[in-house]
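Residue numbers (UniProt numbering), protein chains in the order written: chain P, 1 to 317; chain D, 1 to 269.
Glycine included, every Cβ here is placed at the ideal spot set by N, Cα and C.
First up is the structure itself, then whatever we jot down about it.
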């Protein structure tokens, strides 16, 4: 394929000039327009196309079909699935839960992680130990995290044990089975692990801020609080935006596994997030068309969220 | 500053608490877990580990996880390495477009393609086959692998390659003799990130391979210990610790490299 393109390219050069182009210029042109060494990327590109891009495009197609179980026949029904989604109270519950999840997790995680990152970057005593601790949950798999918190939050688990020891036994509750705390438990798992890992990322970015910048602020009498938010934060704003975007996508899409293992979306729909709704309808309730309509909406929401985060946390100096 | 110390170390305590709970629980039986959740085990029940191993069939599960992780890792590197070389060494517009595609791909979560991927597996008659997972998982890791390796290879001077080609070396020779050894640190970074991603992968392994103990990975085997009737928390904690051993052994052996890999994966992309 590359040779064919290169030949075509050469022919065009010849024709446009009416005579063969000087070899150096032809080579330069080929470098600019043709594939050149880029052919080495073709296998990776094809692989990505078949196993990722293809399925993502297929999601849009499936969402326009009546499609019950994975192996049943399907027929084109247009926007029928979307109409069913928008008529379904469960969808609005899931939308609300996802909203709560994002609205609590991100504002909690990003500022705390930034402060912890700033702290780590000052290299206070014990910062090495702290750094290792912050990394630890980042290495845990979703199922390990879910199982740890399943134990902690069980009716007779660690959290209730602590509460009883502290004389607060009346506050003990079956956290995962209580409709008012189930969603909070799911959010807790993400925030618990996310702060430390994001903090280490921020510390790495903050380490590249020249010391002189802080010193100037210190001479002006700025304490750590002002240095952190009025010097360090504006310098790193763009990077904070990138980290927020990654956490946003992670929270939006990957909560399904945590929900599946901890609460199965219940009790009722109290902890059903959009991504879990998509999983549940496809694999537990045999409604693939509905599930993929939710998937498309989730995708659109992801895009919209990225645009908003980019606007809000843009590097602006 | 005092407030900083207090806040940072309270979070450290919050990180440690569940991990301490996990360690101590793994040596207790349910009665003791319920009665004294945070005390050290009165009697160290090492049997929990043996029970976990048998009940969740962790032996075959570990084997499956090793096979899938290693297979997917090999394919990812075999695809990403030449791709990164090509992108790093051609300054043309096509290369810029291809790099852009991988850049966008990095932002599309694999989860979006969950259901169509299962349909693809059925279509290829590879549903409930580990081979499909070995072929599929590299696609989820390719964007980041290609981006990071391309950035790394840009730092290798092009003159090395030009003088080798002057001496009559072909592209593949250049790739194998110059780029493989010189980009070893970049390859290690990417390999570590992919190892973590593949080893810890849960949802695709669950829906593609299903609950069959002969096929499933450790990440799917672990939650299988939660039965509807009565969870044995000690055994569950023991199983959890067993699944963490491979990742934490790599972490202890390569701590610096692993930490910088995790940071690079987010910062440089």
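Per-residue contacts from residue 155 of chain D into chain P (C-beta, under 7 Å): Here the premise fails: no neighbours, minimum Cβ distance about 17 Å.
Near-chain D residues of the stretch 62-96 of chain P (beta-carbon distance less than 8 Å), N- to C-terminal order: 62, 70, 71
When the Cα atoms are used, what is the spatial distance from residue 181 of chain D to residue 74 of chain D? 17 Å
Under 8 Å, with one C-beta from each stretch per pair, do the stretch 246-257 of chain P and the stretch 218-232 of chain P reach the 3-pair mark? no
Cβ-heavy atom distance, residue 306 of chain P to the ligand MN, below 8 Å: Only the bare structure without any ligand can be found here, which leaves the ligand MN out of the picture.
Listed by chain order, chain P residues near residue 173 of chain D by CB distance under 8 Å: Neighbours of residue 173 of chain D on chain P: none; closest Cβ ~14 Å, over 8 Å.
Within the 9 Å Cβ cut-off, does residue 255 of chain D reach chain P? yes
Enumerate, from N- to C-terminal direction, the unbroken alpha helix (DSSP H) stretches of 4 or more residues contained entirely within the stretch 152-232 of chain D. 158-166, 171-174, 184-200, 203-209, 218-221
Report the neighbours of residue 148 of chain P on chain D: residues whose CB is nearer than 7 Å to its CB, in chain order. 18, 22, 240
So within the stretch 20-68 of chain D, which uninterrupted alpha helix (DSSP H) runs reach at least 4 residues, ignoring any that extend past its ends? 30-35, 47-55
Nearest by alpha-carbon distance to residue 299 of chain P: which of P/271, P/281, P/248 is it? P/248
So, using beta-carbon positions, are residue 303 of chain P and residue 291 of chain P closer together than 9 Å? no
Find out if the Cβ-Cβ distance for the pair residue 288 of chain D, residue 222 of chain D is shorter than 9 Å. For residue 288 of chain D there is no data in the structure shown, the boundaries of chain D being 1 and 269.
Would you call the CB atoms of residue 63 of chain P and residue 92 of chain P closer than 9 Å? no
Those residues which DSSP pairs with residue 75 of chain P across a bridge: P/66
Is residue 121 of chain P closer than 9 Å to residue 202 of chain P when the C-beta atoms are compared? yes
In angstroms with no decimal places, state the Cα-to-Cα distance between residue 19 of chain D and residue 110 of chain D. 29 Å
Segments of 4+ residues assigned as alpha helix (DSSP H) that fall wholly inside the stretch 75-114 of chain P: 80-86
Residue range of the alpha helix (DSSP H) that includes residue 156 of chain P: Counting along the chain, residue 156 of chain P falls outside any alpha helix (DSSP H), and DSSP gives it neither H nor E.
Could you tell me if residue 71 of chain P is buried or exposed, where buried requires 16 or more neighbouring beta carbons within 10 angstroms of its beta carbon? exposed
Backbone secondary structure at residue 1 of chain D - three-state DSSP: coil
State the DSSP-derived secondary structure class of residue 145 of chain P, mapped to helix, strand or coil. helix
When we look at the beta-carbon of residue 134 of chain D and count the other beta-carbons within 10 Å, is it buried (16 or more) or exposed? buried
Terminal residues of the alpha helix (DSSP H) in which residue 94 of chain D lies: 93-107
Beta carbons nearer than 8 Å to chain P: which residues of the stretch 110-138 of chain D have them? 110, 111, 112, 113, 114, 115, 116, 117, 118, 119, 120, 122, 135, 136, 138
Taking 8 Å as the threshold, find out whether the stretch 132-146 of chain P comes into contact with the stretch 179-198 of chain P through three or more Cβ pairs. yes
Assign residue 234 of chain D to one of two classes, buried (16 or more other C-beta atoms within 10 Å of its C-beta) or exposed (fewer than that). buried
On the criterion of 16 or more Cβ atoms from any shown chain inside 10 Å, does residue 180 of chain P qualify as buried, or is it exposed? exposed
Three-state class that DSSP yields for residue 256 of chain D in the structure shown: helix
Determine the burial state of residue 272 of chain D: buried for a count of at least 16 other Cβ atoms within 10 Å of its Cβ, exposed for fewer. Residue 272 of chain D lies beyond the residue range present for chain D, which begins at 1 and ends at 269; the question has no answer from this structure.
For residue 177 of chain D, the nearest candidate out of D/1, D/25, D/31, D/85 (CA to CA): D/85
Counting pairs of beta carbons, one from the stretch 196-204 of chain D and one from the stretch 61-69 of chain D, are three or more of them closer than 8 Å? yes
Limits of the alpha helix (DSSP H) - the one that residue 234 of chain P falls within: 233-262
In this structure, does DSSP put residue 52 of chain P in helix, strand or coil? helix
Closer than 9 Å, CB to CB, is residue 214 of chain D near chain P or not? no
Runs of 4 residues minimum, wholly inside the stretch 169-217 of chain P: which ones carry the alpha helix (DSSP H) assignment? 182-206
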